[in-house]
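A short write-up of the structure that comes next.
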Amino acid sequence: MGCYDCCMRCLGGVPYCSLVATLLCFSGIALFCGCGHQALTETERLIETYFARNLQDYITLAYIIQYFQYVIYGLASFFFLYCIMLLAEGFYTTSAARQTFGEFRSTMCGRCLSSTFIAMTYLLAVLWLLVFAFSALPVYFFYNMDATCHTIDVLTETPASINQLCVDARQYGLLPWNAVPGKACGMTLSSICKTREYRITYDLYIAAFAGAGITLLALLTYTASTTYNFAVLRYLGRKGIGSVQLVLSQVYLTQLRQLLREERKGCDLYGKLHRDREGALCSPYADTDL
3 MGCYDCCMRC LGGVPYCSLV ATLLCFSGIA LFCGCGHQAL TETERLIETY
53 FARNLQDYIT LAYIIQYFQY VIYGLASFFF LYCIMLLAEG FYTTSAARQT
103 FGEFRSTMCG RCLSSTFIAM TYLLAVLWLL VFAFSALPVY FFYNMDATCH
153 TIDVLTETPA SINQLCVDAR QYGLLPWNAV PGKACGMTLS SICKTREYRI
203 TYDLYIAAFA GAGITLLALL TYTASTTYNF AVLRYLGRKG IGSVQLVLSQ
253 VYLTQLRQLL REERKGCDLY GKLHRDREGA LCSPYADTDL
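Last residue of the sequence shown? That's 292 in my numbering, and every number before it is there in order.
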């Protein structure tokens, strides 16, 4: 086998669909976890600086943010290991599918492992759909805040109307209703929107939302690829059983032909002896009256 043929054979066993899904999953998780972690930190700083004066008003929010940051650490580690296992499973199933029917081997353990990965990936895709929807909430909050700030910049000639435009963090459940001030209005809100912390936080939440969408796409791609590979394994497994039965039937027919050939030789030998003795050849079995 030449170098070109060897390379083509190696490239033929690469699970390109699983490889693309792995790259998408790594990039999506990196965006979601990295940007989400930093966005939560910046959100706590914004709430502490502009929307709450008392520590007790946002202490619960600080604990929740810290809890979500630990969850992000766990998600990053879990998806890194899980994507590696899915990629390895893709290499196994694809290399098995590339073989010919005679050389194909599919064990019950391999099929059970593939079906387990299908169920787990499908469940993760459903759960991650909820995460994707949840990650849209902070983007919606900052979008409304940015739209309000844009309206304030347009209505700079009427200060009375500007003071009526507010963003209340208590309406979104970020702060308790007794928090002071809990909201920002007018030019105060406009100055918040022009700060560097606000812009960075807004962009980080958009990146985290995009990362969640990329991860969801990767999980759906994994689901399609693992389902297809499992179907190919089952199909080739049945073809392998059929080929074994065909081989056994061919062996049986070969033995039957040999027996018939030996019986024909015996009949020819008996006929030759019968002709040589001019019909005087008697049967070795005694005549019996029935």
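Think of the CB as a built atom: it goes at the ideal place given N, C-alpha and C, for glycine as much as any other residue.
Note that the structure is predicted; figures quoted are calculated from it, not measured.
Simplified DSSP assignment, three categories, for residue i
| i | result |
| --- | --- |
| P183 | strand |
| C5 | helix |
| L250 | The predicted model places L250 with a pLDDT of 39, which falls under 50 and marks its position as unreliable; any figure quoted below should be read in that light. It is helical. |
| F103 | Note on F103: pLDDT 39, under 50, position unreliable in the model; the coordinate value appears next. Coil, per DSSP. |
Limits of the alpha helix (DSSP H) - the one that residue i falls within
| i | result |
| --- | --- |
| Y18 | 18 to 48 |
| T190 | 188 to 195 |
Classification of residue i by the beta-carbon crowding that lies within 10 angstroms, buried from 16 upward
| i | result |
| --- | --- |
| S137 | buried |
| A233 | exposed |
| V73 | exposed |
| S129 | According to the sequence as given, residue 129 is Leu; it is not Ser. With fewer than 16 Cβ atoms within 10 Å of its Cβ, L129 is classed as exposed. |
| T62 | exposed |
| N146 | exposed |
| L221 | buried |
| N231 | buried |
| I202 | exposed |
| A135 | exposed |
| F144 | buried |
| G175 | exposed |
| L132 | exposed |
| I86 | exposed |
| T223 | buried |
| L139 | exposed |
| A171 | buried |
| L83 | exposed |
| Y18 | exposed |
| A23 | buried |
| G76 | exposed |
| T228 | buried |
| Y200 | buried |
Other residues of its chain near residue i: CB distance less than 7 Å, five sequence neighbours each side excluded
| i | result |
| --- | --- |
| Y60 | I49, E50, A54, L177 |
| V141 | Y207, I208, F211 |
| G38 | I74, A210 |
| T217 | C27, G30, I31, F34, W130 |
| A64 | E46 |
| F80 | none |
| C187 | N165, L167, C168 |
Near the ligand GDP: residue i beta-carbon under 7 Å from a heavy atom
| i | result |
| --- | --- |
| L132 | Inclusion of the ligand GDP in the displayed structure is not the case, the ligand content being empty and no account of it being possible. |
Residues near residue i by beta carbon distance below 8 Å, same chain, minus five either side
| i | result |
| --- | --- |
| L219 | L26, G30 |
| T225 | I120, T123, Y124, A127 |
| D148 | C195, Y204 |
| N56 | A181, V182 |
| G92 | P17, C19, S20, L21, S227, T228, N231 |
Residues near residue i in its chain [Cβ-Cβ closer than 6 Å; skip 5 each side]
| i | result |
| --- | --- |
| Q40 | L206 |
| L21 | none |
Beta carbon proximity, residue i to chain D, threshold 8 Å
| i | result |
| --- | --- |
| L25 | Although the question refers to chain D, the structure presented lacks it and comprises just one protein chain. |
How about the region 49 to 61 and the region 183 to 193: do they share at least three Cβ pairs that are nearer than 8 Å?
-> Touching, per the Cβ criterion.
Spell out a yes or no on whether the region 169 to 184 and the region 19 to 29 are touching, meaning 3 or more CB-CB pairs, one atom from each, closer than 8 Å.
-> Contact fails: fewer than three Cβ-Cβ distances are below 8 Å.
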